[in-house]
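First up is the structure itself, then whatever we jot down about it.
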Amino acid sequence: MSFNTIIFDMDGVLIDTEYHYAQVFDAFFDKKGIPLAHLNRRELLGRPLRDLWPFILGEDFDKKDAARLQKEFFTYKKSSHFPIEEMLFPDVKVVLQRLSETKLKIGLATSSSHDEIAEVLDTHNLRKYFEVISSGEDFPESKPHPAVYLSAMKQLNARASDVLVIEDSPNGIAAGKAAGATVWAIRDQRFDSDQSQADRHVEHLTEVLEILGFS
18 MSFNTIIFDM DGVLIDTEYH YAQVFDAFFD KKGIPLAHLN RRELLGRPLR DLWPFILGED
78 FDKKDAARLQ KEFFTYKKSS HFPIEEMLFP DVKVVLQRLS ETKLKIGLAT SSSHDEIAEV
138 LDTHNLRKYF EVISSGEDFP ESKPHPAVYL SAMKQLNARA SDVLVIEDSP NGIAAGKAAG
198 ATVWAIRDQR FDSDQSQADR HVEHLTEVLE ILGFS
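Numbering (my numbering), first residue to last: 18 to 232.
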């Protein structure tokens with residue numbers, strides 16, 4: 018097992034946003050009177066909000082309505098208690114610091130927007146660990162499409178066979194695999210999502226260090 022590059026997803030891997038995001042998400046749509054009971058949430062994990070409107074609105078889907086609702090949602094999210102400063106998984110800084118002391122190239126590839134990425138990285142002083150940051154906001158295709166990973170790999174001058182991706186969601190795992198990388202999944206203890214496509218499952222990031230021999 019030999020990798021020269023490691024690329025991390027952000028939500029659900031570095032920070033525990035998905036639970037808090039789901040709470041804000043549910044509260045917003047409840048306020049709007051838009052039902053969500055029909056959604057298969059496991060299938061939607063790892064996708065940006067812009068891709069969810071056809072699933073949410075169904076036959077009532079309209080691009081103009083979706084654009085308006087998306088703007089309203091982000092305004093609502095900003096006004097809600099979304100404690101980014103409390104969401105970092107406890108082993109993240111130790112793991113990133115140790116990896117930065119090796120010869121591995123380190124990248125970040127996430128469906129999140131540039132603003133959302135900046136909020137997380139700057140709040141927790143993580144930007145210094147990543148040579149490349151790839152945002153799904155820059156691509157028309159979202160995970161499970163591999164675009165965000167292919168871009169990160171190109172910027173890192175990395176061959177797919179040399180890349181290890183750390184993911185958690187089914188869509189993210191599929192994206193990493195479609196990019197040709199080896200994918201390890203942080204085991205999902207909350208949503209019981211399908212992580213069967215992953216090449217390996219780990220309980221936490223520290224285990225990644227142990228397997229790679231950097232502990």
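Every residue, glycine too, gets a C-beta built ideally from N, C-alpha and C.
6 angstroms CB neighbourhood of alanine 12 in its chain, flanking five on each side removed: The structure shown does not extend to residue 12, since the chain spans only 18 to 232, so no value can be given for it.
For isoleucine 203: DSSP bridge partner residues: Your numbering for residue 203 matches position 186 in the sequence shown. Answer is Val219, bridged to isoleucine 203.
Cβ pair isoleucine 32, methionine 104 closer than 7 angstroms: Position 15 of the sequence shown holds residue 32. Position 87 of the sequence shown holds residue 104. Contact: yes.
CB of glycine 230 within 7 angstroms of CB of alanine 169, strictly: The residue labelled residue 230 in the question sits at position 213 within the sequence shown. The residue labelled residue 169 in the question sits at position 152 within the sequence shown. Cβ distance not < 7 angstroms, so glycine 230 and alanine 169 don't count as in contact.
Status (buried if at least 16 other CB within 10 Å, exposed otherwise) for aspartate 47: Within the sequence shown, residue 47 is the residue found at index 30, counting from 1. Its Cβ having fewer than 16 others within 10 Å, aspartate 47 is exposed.
DSSP beta-bridge partners of aspartate 28: Counted from its first residue, the sequence shown places residue 28 at position 11. In the DSSP output, where bridge partners are listed per residue, aspartate 28 has Ile32.
Alpha-carbon to alpha-carbon, aspartate 43 and aspartate 209: The residue given as residue 209 occupies position 192 in the sequence shown. The residue given as residue 43 occupies position 26 in the sequence shown. Using only the alpha carbons, I get a separation of about 19 angstroms.
Nearest to alanine 135 (by Cα), restricted to the options Leu121, Gly29, Ala196, Ile101: If you number the sequence shown from 1, residue 135 lands on position 118. Ranking Leu121, Gly29, Ala196, Ile101 by Cα distance to alanine 135 puts Ile101 first.
Per DSSP, the bridge partner or partners of valine 112: Here residue 112 corresponds to residue number 95 of the sequence shown, with the count starting at 1. Answer is none; valine 112 lacks a bridge partner.
CA nearest to the CA of alanine 202, picked from Val30, Leu66, Ile23: Start at 1 with the first residue of the sequence shown, and residue 202 comes out as number 185. The shortest Cα separation from alanine 202 among Val30, Leu66, Ile23 belongs to Val30.
Backbone secondary structure at threonine 92 - three-state DSSP: Taking the first residue of the sequence shown as 1, we reach residue 92 at position 75. Helix.
Own chain residues within Cβ distance below 6 angstroms of aspartate 216, not counting five before or after: Looking up residue 216 in the sequence shown gives position 199. Cβ neighbours of aspartate 216 beyond the five flanking positions: Thr199, Val200.
Pick from Ala195, Pro187, Val182 that is closest to valine 225, judged by C-alpha positions: Numbered from its first residue, the sequence shown carries residue 225 at position 208. It is Val182 whose Cα lies nearest to the Cα of valine 225.
Pairwise C-alpha distance: leucine 69 and glutamate 89: For this step, residue 89 is matched to residue 72 along the sequence shown. For this step, residue 69 is matched to residue 52 along the sequence shown. Going by the C-alpha atoms only, they are around 15 angstroms apart.
Classification of valine 111 by the beta-carbon crowding that lies within 10 angstroms, buried from 16 upward: To locate residue 111, count along the sequence shown from 1; it is residue 94. Exposed is the call here.
Nearest-angstrom beta carbon gap, aspartate 108 and histidine 37 [assumed within contact, 8 angstroms]: For this step, residue 37 is matched to residue 20 along the sequence shown. For this step, residue 108 is matched to residue 91 along the sequence shown. At roughly 19 angstroms, the Cβ-Cβ gap does not stay under 8 angstroms, so histidine 37 and aspartate 108 are not in contact.
Threonine 119, DSSP secondary structure in three states: As a position in the sequence shown, residue 119 is number 102, starting the count at 1. If DSSP states are grouped into helix, strand and coil, threonine 119 belongs with coil.
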